[in-house]
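Some notes on the structure that comes next.
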Amino acid sequence: MEAKDCNSKHVFFNQTSIPDSFDECCIEIDKFINQHSTDGRKIVLITSGGTTVPLESRTVRFIDNFSSGTRGSASAEYFLSHDYAVIFLHRHKSLEPFSRHINRQHFIDILQLTPENEIMEFLFSVKDEHKEKLSVVLKQFQSIEKENLLLKLEFTSLGDYLHILKAACEKLNTVGDKAMLYLAAAVSDFYIPKADMSEHKIQSSNGPLELKLQLVPKMLEPLVKDWVPSAFIISFKLETDKDILISKSRQALDKYKHQLVIANELEKRKREVTIVSTDTVTPIILTEEEVRLGIEIESIIVKEILKLHDNFISTKH
Ligand code: PMT
Numbered sequence: 003m004e005a006k007d008c009n010s011k012h013v014f015f016n017q018t019s020i021p022d023s024f025d026e027c028c029i030e031i032d033k034f035i036n037q038h039s040t041d042g043r044k045i046v047l048i049t050s051g052g053t054t055v056p057l058e059s060r061t062v063r064f065i066d067n068f069s070s071g072t073r074g075s076a077s078a079e080y081f082l083s084h085d086y087a088v089i090f091l092h093r094h095k096s097l098e099p100f101s102r103h104i105n106r107q108h109f110i111d112i113l114q115l116t117p118e119n120e121i122m123e124f125l126f127s128v129k130d131e132h133k134e135k136l137s138v139v140l141k142q143f144q145s146i147e148k149e150n151l152l153l154k155l156e157f158t159s160l161g162d163y164l165h166i167l168k169a170a171c172e173k174l175n176t177v178g179d180k181a182m183l184y185l186a187a188a189v190s191d192f193y194i195p196k197a198d199m200s201e202h203k204i205q206s207s208n209g210p211l212e213l214k215l216q217l218v219p220k221m222l223e224p225l226v227k228d229w230v231p232s233a234f235i236i237s238f239k240l241e242t243d244k245d246i247l248i249s250k251s252r253q254a255l256d257k258y259k260h261q262l263v264i265a266n267e268l269e270k271r272k273r274e275v276t277i278v279s280t281d282t283v284t285p286i287i288l289t290e291e292e293v294r295l296g297i298e299i300e301s302i303i304v305k306e307i308l309k310l311h312d313n314f315i316s317t318k319h
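Anchor point for the sequence shown: position 149 equals 151 in this note's numbering, and the numbering is continuous, going up by one each time.
Given below as C-alpha cells:
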C-alpha cells in the first residue's frame with residue numbers, strides 16, 4: 003500500500019510539466035537560504051493563493067481553487083516584522099505583502115500630476131490623503147528590501163506549485179529547526195495528467211464536456227517525511243462545514259505527523275481561526291472592537307506561532 007502511494011507521487015511529478023522558470027527559481031532559493039542561514043536567521047516559507055488545474059495543454063480553460071492571498075500576504079508582513087526571512091510562494095497576481103495595501107483597481111486614484119514646470123517636465127506625486135498610510139508601508143518595505151529579507155516566487159498551476167515547493171523544501175531542510183513552513187495556499191485535490199489532456203482548446207461543437215480528474219496525492223506526506231523533516235510545519239484546513247473542521251484537522255495531524263493545523267471556515271476566516279496541535283485547541287476570535295480598529299487576525303496568529311516555533315526549537319536542543 004505504502005509503495006503504491008509513494009509511486010503515485012512520482013507519477014504525479016512525471017505527469018506535470020516543470021515550470022519554465024524552474025532553474026532560475028532554484029538558484030534564487032539557494033542564494034536566499036544560504037544568505038540567511040549563514041546569519042542564523044529563522045526562515046519561513048509561506049504559500050499563498052490558489053492553484054489552477056489546466057484542462058488543455060495550450061491552456062485556455064482551467065479549474066481554480068479559491069484564495070485571494072490575504073492570509074499569506076498579511077502573515078508574511080508580520081513574520082518580517084519579527085525578523086524572519088520570508089520565502090513567499092504565491093499565485094501570480096494574488097495579493098502580495100506591502101503592495102496589498104494599494105488597491106490595484108484604484109491605483110491611479112492615489113496619484114496626481116502637477117502642472118509642467120519650466121523645463122517641461124511632468125511631476126507625479128501622491129495625493130495628500132494617501133501619504134500617511136503609504137509612507138508607513140513604503141518605509142517597512144524599503145528596510146525589508148535593503149536586507150533582502152523577502153524572496154517572492156510565483157506559481158499558477160498545481161504542477162508549478164508542487165515542483166517549486168518540493169525544491170524549496172529540500173533546500174530548507176539544510177536549515178534544520180529554524181525553518182518553518184506555513185502552507186496557506188489553497189491546493190487542488192484533482193488534476194488531469196499530461197497524457198490525458200487535450201492539446202488544443204476543447205471544442206464546444208463536440209457537445210457537452212465530460213471530465214475525469216485524477217486524485218492528486220496529498221503532498222503533505224512526503225513533505226513532512228522526506229522533503230523537510232526537520233522544520234516546524236503548519237498546514238491549513240479549510241472547510242465550509244464547521245462541524246467537521248476540528249476533527250479533520252486532528253486527522254491531518256495524526257496522519258502526517260506535522261506540528262500544527264490552522265483550521266478556518268470559509269465565511270469566518272477573517273475573524274476566526276483555531277490553532278490545533280496534537281494536544282491543544284486554541285481558538286483565535288477577533289472582538290468587534292478589534293475589527294473596528296482594523297486589527298488583522300494574521301497579526302495574532304503569527305504572534306502565537308512565534309512562541310510555538312521557539313518552543314519547538316528549544317525542545318530540539
Ligand atoms: O487567501 P485567503 O482568501 O485569505 O484565504 C485563506 C485560505 C482560506 C485559503 C487559507 O486560510 C487556507 O485555509 N488554506 C488551505 C486551503 C486548503 O487547501 O485546504 P485543504 O483542506 O484542501 O488542504 C489541507 C492541506 O493539505 C493544505 O495545507 C494543503 O497544502 C495540503 N494539500 C492539499 C492538496 C494536496 N493535493 N496536497 C496537499 O498536501
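The beta carbon of each residue, even a glycine, is placed where N, CA and C say it ideally should be.
Bounding residues of the alpha helix (DSSP H) (the contiguous stretch that carries residue i)
i      : result
ASN313 : 299 to 318
GLN253 : 244 to 258
LYS33  : 24 to 40
ALA76  : 72 to 83
HIS94  : Run containing HIS94: none; DSSP gives neither H nor E here.
VAL139 : 130 to 148
First through last residue of the beta strand (DSSP E) which encompasses residue i
i      : result
PHE157 : 152 to 157
VAL2   : A question about residue 2 goes unanswered here, because the residues of the chain that appear run from 3 up to 319.
GLN114 : 113 to 116
ASP66  : 64 to 66
THR176 : Premise fails: THR176 is in no beta strand (DSSP E) and is neither H nor E.
VAL218 : Careful: VAL218 lies outside any beta strand (DSSP E) and carries neither H nor E.
VAL55  : 54 to 56
GLU267 : 262 to 267
SER230 : The identity of residue 230 in the sequence shown is Val, whereas the question assumes Ser. Premise fails: VAL230 is in no beta strand (DSSP E) and is neither H nor E.
Minimum Cβ-Cβ distance from residue i to chain B less than 9 Å
i     : result
SER96 : Protein chains in the displayed structure number just one, and chain B is not present.
Distance, residue j Cα to residue i Cα
i      : j      : result
LEU217 : VAL13  : 11 Å
ALA254 : VAL263 : 8 Å
VAL304 : LEU215 : 36 Å
VAL230 : PHE143 : 29 Å
ILE146 : VAL138 : 13 Å
THR116 : ILE166 : 45 Å
SER127 : SER50  : 32 Å
ILE307 : ALA188 : 20 Å
LEU321 : LYS129 : In the structure as shown, the chain starts at 3 and stops at 319, and residue 321 therefore has no counterpart that could be examined.
GLY42  : LYS250 : 35 Å
MET3   : SER237 : With a pLDDT of only 40 at MET3, under 50, the local geometry of the prediction cannot be trusted, and the value read off the model is given with reservation. Using only the alpha carbons, I get a separation of about 24 Å.
GLN205 : ASP312 : 55 Å
ILE48  : LEU288 : 23 Å
ASP85  : LYS44  : 8 Å
THR282 : ILE248 : 11 Å
GLY210 : VAL62  : The question names Gly, but residue 210 is Pro in the sequence shown. In a straight line, the C-alpha of PRO210 is about 17 Å away from that of VAL62.
GLY296 : LYS272 : 11 Å
SER23  : SER39  : 24 Å
PHE124 : ALA265 : 51 Å
ILE299 : LYS270 : 11 Å
GLU291 : ILE35  : 40 Å
PRO219 : SER207 : 34 Å
LEU136 : PRO195 : 45 Å
Best match in the options for proximity to residue i [C-alpha to C-alpha]
i      : options                        : result
SER10  : TYR193, SER101, ARG106         : TYR193
LEU213 : LYS44, GLU58, SER23, HIS38     : GLU58
MET199 : HIS38, VAL55, ILE248           : VAL55
ASN16  : GLU241, ASN266, LEU164         : LEU164
GLU274 : ILE286, PHE34, ASP32           : ILE286
SER77  : GLN205, ARG102, HIS94          : ARG102
GLU149 : LEU125, LEU82, LEU295          : LEU82
PHE64  : LEU160, PHE90, SER316, GLU123  : LEU160
PRO21  : SER39, HIS94, LEU151, VAL46    : HIS94
LEU151 : PHE124, PHE90, SER23           : PHE90
LYS133 : GLY296, PHE314, ILE104         : ILE104
TYR184 : PHE34, LEU125, VAL88, ALA197   : VAL88
MET221 : LYS257, GLU291, PRO195, GLU298 : LYS257
LEU140 : PRO99, SER207, VAL177          : PRO99
SER19  : PRO219, ALA197, ARG294, GLY296 : ALA197
ALA186 : ASN208, HIS92, VAL177          : HIS92
Nonlocal neighbours in the same chain, by C-beta distance under 6 Å from residue i, ignoring five residues either side
i      : result
LYS318 : ASP179
GLN261 : PHE234, ILE235
THR280 : LEU255
THR320 : Here the chain covers residues 3 to 319 and nothing more, so residue 320 does not appear.
SER301 : TYR80
VAL46  : PHE81, TYR86, VAL88, MET182, TYR184
Own chain residues within Cβ distance below 7 Å of residue i, not counting five before or after
i      : result
LEU97  : SER70, GLY71, THR72, SER75
HIS202 : GLU58, ARG60
ASP32  : LYS173
PRO224 : LYS11
LYS259 : VAL226
LEU268 : LEU240, THR242
ASP162 : PRO21
ASN67  : GLY52, THR53, ALA188, VAL189, SER190
PHE314 : ASP179, PHE234, GLN261
Cutoff 8 Å; reference residue i; Cβ partners in own chain excluding five residues on either side
i      : result
LYS309 : none
ASN175 : ALA181, TRP229, VAL230, PRO231, SER232, ALA233
ARG294 : none
Touching by the beta-carbon criterion (3+ pairs, under 8 Å), the region 169 to 185 and the region 101 to 113: They do not touch, by the three-pair rule.
Three Cβ pairs or more, each shorter than 8 Å: is that satisfied between the region 12 to 32 and the region 150 to 167? A contact exists between the region 12 to 32 and the region 150 to 167.
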